[in-house]
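Peer 1: In order, the protein sequence lines correspond to chains A and B.
Going by UniProt numbering, the first residue of the first sequence is number 1, and it counts up by one from there.
Going by UniProt numbering, the first residue of the second sequence is number 1, and it counts up by one from there.
Heads up, the beta-carbon is just placed ideally off N, CA and C, and yes, glycines get one too.
Handing you a structure now.
2 protein chains.
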Amino acid sequence: MAAETVQEAWADLPPTAQKLLTAALAAFGEQGYHGTTTRQVALRAGMSPAALYMHFPSKEALLYEIARTGHEVNYERVRRVCEERVGPVERVRAVVEAMVSFHAEHHTLARIVQYEHTSLTSDHQRELIGVRRRTEAFLREAIDEGVETGVFDAADASMATTAIMSLAIDVARWYPSQRSRRPARITSAYTDLALRMLASRA
Amino acid sequence: MAAETVQEAWADLPPTAQKLLTAALAAFGEQGYHGTTTRQVALRAGMSPAALYMHFPSKEALLYEIARTGHEVNYERVRRVCEERVGPVERVRAVVEAMVSFHAEHHTLARIVQYEHTSLTSDHQRELIGVRRRTEAFLREAIDEGVETGVFDAADASMATTAIMSLAIDVARWYPSQRSRRPARITSAYTDLALRMLASRA
Chain A
1 MAAETVQEAW ADLPPTAQKL LTAALAAFGE QGYHGTTTRQ VALRAGMSPA ALYMHFPSKE
61 ALLYEIARTG HEVNYERVRR VCEERVGPVE RVRAVVEAMV SFHAEHHTLA RIVQYEHTSL
121 TSDHQRELIG VRRRTEAFLR EAIDEGVETG VFDAADASMA TTAIMSLAID VARWYPSQRS
181 RRPARITSAY TDLALRMLAS RA
Chain B
1 MAAETVQEAW ADLPPTAQKL LTAALAAFGE QGYHGTTTRQ VALRAGMSPA ALYMHFPSKE
61 ALLYEIARTG HEVNYERVRR VCEERVGPVE RVRAVVEAMV SFHAEHHTLA RIVQYEHTSL
121 TSDHQRELIG VRRRTEAFLR EAIDEGVETG VFDAADASMA TTAIMSLAID VARWYPSQRS
181 RRPARITSAY TDLALRMLAS RA
């Protein structure tokens, strides 16, 4: 059973590793990746710097584990809903719902990952760009199928894909200061707006 | 004459202050705000830390000057095009064009400002949120006018405003890795998508 949240994905790790990742996520969120030392992460988790290095050989390894889990949990949520739904309209709806809810729930993680991406090694960057492309591909395939079958009318399918991904990704930026907007309202408005962008005739 | 770019806005400052702001922008972009010291900014600008403090009393003062100028230049661009265009369709188009081009041109600044907003003093945060609201108000007014006159059909005008702002703001995230997309293509696609979101009948 694939994890629904990042915390669930970490549940099988040793408790000390979970504590370190939780501490790193909070510290990076508050002070930025470059502004945080591994010593600070260790102390925040109530451990010695030496104990940290038993689990994570470097600060980058912490960022990578956070970013990798975030990418994979988001990918899995999108994949699962796309499998459950039939037809391009329902699949576009599903991707928007999955992406919006992920970026509202995991806004701290998502912002760190978006901003600190270039602090990862180039191998790690490439790997995660791959996961991102596979996630985006679910949306692009739904759009292309809709265009082929005449359900959608997209003037520029590539830009429309980016735009719909942007709507969902940018939720991580504004959601923390707009919590009076319930996730259900955001999801309902954004699925409607995404289908309007595609001139859905459904 | 209001400045068209952040660099133009800084052109009246003493050359040493301009150098320090340019150095701070580059350093914050590479190492994050928390990962950068005022000493590093001074050295990058070819000055002593003491010379920096003659112009900026703190690291926050550098971030504030960068963020304030960014907000004001973007606001001025939006205000100007809105004054030139007539009617809600043309004004929505104008806001999207101005916002997209600002966020493509000033992507490093925009990302720093988006991410490091909470590092500003609360007075500075409040001031800049005010500029942001006034910028967004041009879009909201155009949407409301379009809905009242029956040119637009927005199910949730507040969410549609956020969504259109998001499209433009998120350009700063993806544009650096998608430079093969010319700004003219992005602007043309995004004005079309914004008007589709509003079910424009123009």
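At a cut of 8 Å, does the segment 115-130 of chain B reach the segment 160-176 of chain B through at least three beta carbon pairs?
Peer 2: no
Peer 1: Got a sec: is the Cβ-Cβ distance from Q40(A) to anything in chain B below 7 Å?
Peer 2: The residue labelled residue 40(A) in the question sits at position 40 within the first sequence. Output row for Q40(A): interface = no.
Peer 1: Does the distance from the CB of V171(B) to the CB of V100(B) come in under 7 Å?
Peer 2: Counting from one through the second sequence, the residue named residue 171(B) turns up at place 171. Counting from one through the second sequence, the residue named residue 100(B) turns up at place 100. In contact: V171(B) and V100(B) (Cβ atoms closer than 7 Å).
Peer 1: Measure the C-alpha to C-alpha separation of R111(A) and Y115(B) and round it to an integer number of angstroms.
Peer 2: As a first step, residue 111(A) is located in the first sequence; it is residue number 111 there, counting from the start. As a first step, residue 115(B) is located in the second sequence; it is residue number 115 there, counting from the start. Rounded to whole angstroms, R111(A) and Y115(B) show a C-alpha spacing of 8 Å.
Peer 1: Short check: CB of G146(A) to CB of P88(A), under 7 Å?
Peer 2: For the purposes of this step, residue 146(A) is taken as the residue at position 146 of the first sequence. For the purposes of this step, residue 88(A) is taken as the residue at position 88 of the first sequence. Closer than 7 Å, so yes.
Peer 1: Going along chain B, which residues have a C-beta under 7 Å from R196(A)?
Peer 2: For the purposes of this step, residue 196(A) is taken as residue 196 along the first sequence, with counting starting at 1. Ordered by position in chain B, the residues that pass the 7 Å Cβ test against R196(A) are R196, M197 and A199.
Peer 1: Shorter than 7 Å from the beta carbon of Y115(B) to some beta carbon of chain A?
Peer 2: Indexing the second sequence from 1 puts residue 115(B) at position 115. Output row for Y115(B): interface = yes.
Peer 1: Verify the CB distance criterion: does D156(B) have a CB-CB separation below 7 Å to chain A?
Peer 2: Stepping through the second sequence from its first residue, residue 156(B) is reached at position 156. Answer yes: the Cβ-Cβ gap between D156(B) and chain A drops below 7 Å somewhere.
Peer 1: Does the beta carbon of H34(B) sit closer than 7 Å to a beta carbon anywhere in chain A?
Peer 2: Along the second sequence, one-based indexing puts residue 34(B) at 34. Answer yes: the Cβ-Cβ gap between H34(B) and chain A drops below 7 Å somewhere.
Peer 1: If you run the structure through DSSP and keep just helix, strand and coil, what is L13(A)?
Peer 2: As a working note, residue 13(A) is residue 13 in the first sequence. Note: L13(A) maps to coil in three-state DSSP.
Peer 1: Taking the CB atoms as reference points, tell me whether E97(B) and T38(B) lie closer together than 7 Å.
Peer 2: Within the second sequence, residue 97(B) is the residue found at index 97, counting from 1. Within the second sequence, residue 38(B) is the residue found at index 38, counting from 1. For E97(B) and T38(B), no; Cβs fall outside 7 Å.
Peer 1: So W174(B) contacts chain A; which residues on that side make the cut at Cβ distance below 9 Å?
Peer 2: Taking the first residue of the second sequence as position 1, residue 174(B) is located at position 174. Within chain A, the residues near W174(B) are T162, M165, S166 and I169.
Peer 1: Is the number of C-beta pairs between the segment 80-87 of chain B and the segment 9-22 of chain B that are closer than 8 Å three or more?
Peer 2: no
Peer 1: Please report the distance separating the alpha-carbon of G29(A) from that of I66(B).
Peer 2: Here residue 29(A) corresponds to residue number 29 of the first sequence, with the count starting at 1. Here residue 66(B) corresponds to residue number 66 of the second sequence, with the count starting at 1. G29(A) and I66(B): Cα-Cα distance of roughly 21 Å.
Peer 1: Starting from F102(B), trace the alpha helix (DSSP H) both ways and give me its first and last residue.
Peer 2: Counted from its first residue, the second sequence places residue 102(B) at position 102. Residues P88 to E105.
Peer 1: Using a 10 Å radius around the Cβ and a threshold of 16 neighbouring Cβ atoms, would you call T118(A) buried or exposed?
Peer 2: Within the first sequence, numbered from 1, the residue matching residue 118(A) stands at position 118. So T118(A) ends up on the exposed side.
Peer 1: Could you work out which residue in E136(A), H71(A) and I143(A) is closest to E90(A) when comparing CA atoms only?
Peer 2: Within the first sequence, the letter at position 90 stands for residue 90(A). The option with the nearest alpha carbon to E90(A) is I143(A).
Peer 1: What residue range is occupied by the uninterrupted alpha helix (DSSP H) comprising T69(A)?
Peer 2: What you label residue 69(A) is simply residue 69 of the first sequence in a count that begins at 1. It spans K59 to E84 - the alpha helix (DSSP H) in which T69(A) sits, taken as one unbroken run.
Peer 1: So the alpha helix (DSSP H) P49(A) belongs to, where does it begin and stop?
Peer 2: For the purposes of this step, residue 49(A) is taken as the residue at position 49 of the first sequence. Start and end: P49 to H55.
Peer 1: With the cut-off set at 7 Å, would you say Y190(B) and A104(B) are in Cβ contact?
Peer 2: As a first step, residue 190(B) must be located in the second sequence, where it is residue number 190. As a first step, residue 104(B) must be located in the second sequence, where it is residue number 104. Result no, Cβ atoms of Y190(B) and A104(B) do not sit closer than 7 Å.
Peer 1: Mapping the DSSP letters down to three states, classify D170(A) as helix, strand or coil.
Peer 2: As a working mapping, residue 170(A) is identified with position 170 in the first sequence. Here D170(A) sits in coil by DSSP.
Peer 1: Using the Cβ count rule (16 or more neighbours within 10 Å means buried), how would you classify D153(A)?
Peer 2: Stepping through the first sequence from its first residue, residue 153(A) is reached at position 153. Answer is exposed; the Cβ neighbour count stays below 16.
Peer 1: Given T69(A), which residues of its chain have a CB within under 7 Å of its CB, disregarding the five upstream and five downstream residues?
Peer 2: Here the question's residue 69(A) lines up with position 69 in the first sequence. Hits under 7 Å: V6, A9 and W10.
Peer 1: Where does D144(B) sit, in a helix, a strand or coil, going by DSSP?
Peer 2: Taking the second sequence and counting its residues from 1, the one referred to as residue 144(B) is at position 144. Helix.
Peer 1: Less than 7 Å between CB atoms is the rule here; does M159(B) satisfy it with respect to chain A?
Peer 2: Within the second sequence, residue 159(B) is the residue found at index 159, counting from 1. Answer yes: the Cβ-Cβ gap between M159(B) and chain A drops below 7 Å somewhere.
Peer 1: Please look up how many angstroms separate the CB atoms of A61(A) and R44(A), rounded, as I've assumed it's under 8 Å.
Peer 2: Indexing the first sequence from 1 puts residue 61(A) at position 61. Indexing the first sequence from 1 puts residue 44(A) at position 44. No, A61(A) and R44(A) are not in contact; Cβ-Cβ is about 16 Å, not under 8 Å.
Peer 1: If you draw a straight line from the alpha carbon of T72(B) to that of T149(B), how long is it in whole angstroms?
Peer 2: Counting from 1 along the second sequence, the entry for residue 72(B) is found at position 72. Counting from 1 along the second sequence, the entry for residue 149(B) is found at position 149. Here residue 72(B) is Glu; the residue named in the question, Thr, does not match the sequence. Roughly 31 Å between the two C-alpha positions.
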